[in-house]
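Colleague: Going left to right, the sequence shown walks through residues 36 to 241 as my numbering numbers them.
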Amino acid sequence: MPKNREATSHLDFKLRLVALLALALLALALSTLVSFGSTAHALSCVEREGGPQETLKLYGGAVFGEVKQVKNDQEGFVGTIETVRNVLLDVKQSWNLALDSQVIVATDFTWGFDFKKGQSYLIYVYDDHGRLASDPCSPTYMLNDLAEATQLLGNGLPPGDQVNLAYKMWFMTDTDLDLLIVVGAAVLVVALAVVGVRRFRGKRRR
Numbered sequence: 036m037p038k039n040r041e042a043t044s045h046l047d048f049k050l051r052l053v054a055l056l057a058l059a060l061l062a063l064a065l066s067t068l069v070s071f072g073s074t075a076h077a078l079s080c081v082e083r084e085g086g087p088q089e090t091l092k093l094y095g096g097a098v099f100g101e102v103k104q105v106k107n108d109q110e111g112f113v114g115t116i117e118t119v120r121n122v123l124l125d126v127k128q129s130w131n132l133a134l135d136s137q138v139i140v141a142t143d144f145t146w147g148f149d150f151k152k153g154q155s156y157l158i159y160v161y162d163d164h165g166r167l168a169s170d171p172c173s174p175t176y177m178l179n180d181l182a183e184a185t186q187l188l189g190n191g192l193p194p195g196d197q198v199n200l201a202y203k204m205w206f207m208t209d210t211d212l213d214l215l216i217v218v219g220a221a222v223l224v225v226a227l228a229v230v231g232v233r234r235f236r237g238k239r240r241r
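1) Can PRO171 and TRP146 be called in contact, C-beta distance under 9 Å?
2) Is ALA133 helix, strand or coil by DSSP?
3) Roughly how many angstroms lie between the CA atoms of PRO87 and ASP125, to the nearest whole one?
4) ASP143 and GLY95 - do their beta-carbons sit closer together than 9 Å?
5) Flag this pair as yes or no: are the beta carbons of PHE150 and TYR156 separated by less than 9 Å?
6) Does the Cβ-Cβ distance between GLN154 and GLU101 come in under 9 Å?
7) Per DSSP, what are the beta-bridge partners of ARG120 in this structure?
8) Whole beta strand (DSSP E) runs in the region 156 to 189 with 3 or more residues, listed along the chain?
9) Expressed to the nearest angstrom, what Euclidean distance is found between the alpha-carbon atoms of GLY189 and ILE139?
10) Measuring only the C-alpha atoms, how far is GLN128 from LEU192?
11) Closest to ASN107 by CA distance: which of LEU123, CYS80, PHE99, ALA97 is it?
12) What residue range does the alpha helix (DSSP H) around GLN154 cover?
13) Three-state secondary structure (DSSP) at LEU91?
14) Going by the beta-carbon positions, is the gap between VAL98 and LEU167 smaller than 9 Å?
15) Considering only the alpha carbon of each residue, which of VAL105, LYS203, PHE148, ASN131 lies closest to LYS92?
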């Protein structure tokens, strides 16, 4: 076999080897993502006695408002990935919490309440590291108007500053970003390997 054909064959072998290694790394990364991904957990709620006022004391706050938008958002890039359902509310009144005219309430994706756009709800909320959240075990009431909410909890606080939080919902996505990053990295490795081998082959031919 001529030397140039032998060198070309050797380079082709290296190219195939690099591609196989990249695919192996991709498969390993995907299996890791699957094993550490989000897993559904069984919901176990303790039955509590008491009415709406006792529940308000338990969770710390409540808000009544109209749903403007519902959107899922994926949280976490390494390890467990959690999908959160976020609810954008036009606030009509709140209890134990001073809130602006709009708030975003984070709810459990699997067990959270099935909120509908345009409907009004009374939601028990609490502060979860700087964001409003609703516990899947807390009651949520779909009500027709504010009068029904005040019958349950009495008079609350009117909304404060006029704000528009719709732009925050725009940035939320439940796309698997981890998967996109891994696939993109694998494609980049293969592309760089192909370019490198072709350049080296071109230099050998000169």
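Every residue gets a Cβ at the ideal spot worked out from N, C-alpha and C, and that includes glycine.
Modeller: Let me lay it out:
1) yes
2) coil
3) 22 Å
4) Note that the C-beta distance between GLY95 and ASP143 is not below 9 Å.
5) yes
6) yes
7) Per DSSP, the beta bridge partners of ARG120 are ASN107, THR142.
8) Listed in chain order, they are 166 to 168, 175 to 178.
9) 23 Å
10) Answer to the nearest angstrom: the Cα atoms are 5 Å apart.
11) LEU123
12) Looking at the DSSP string, GLN154 is not in any alpha helix (DSSP H), and its letter there is neither H nor E.
13) helix
14) yes
15) ASN131
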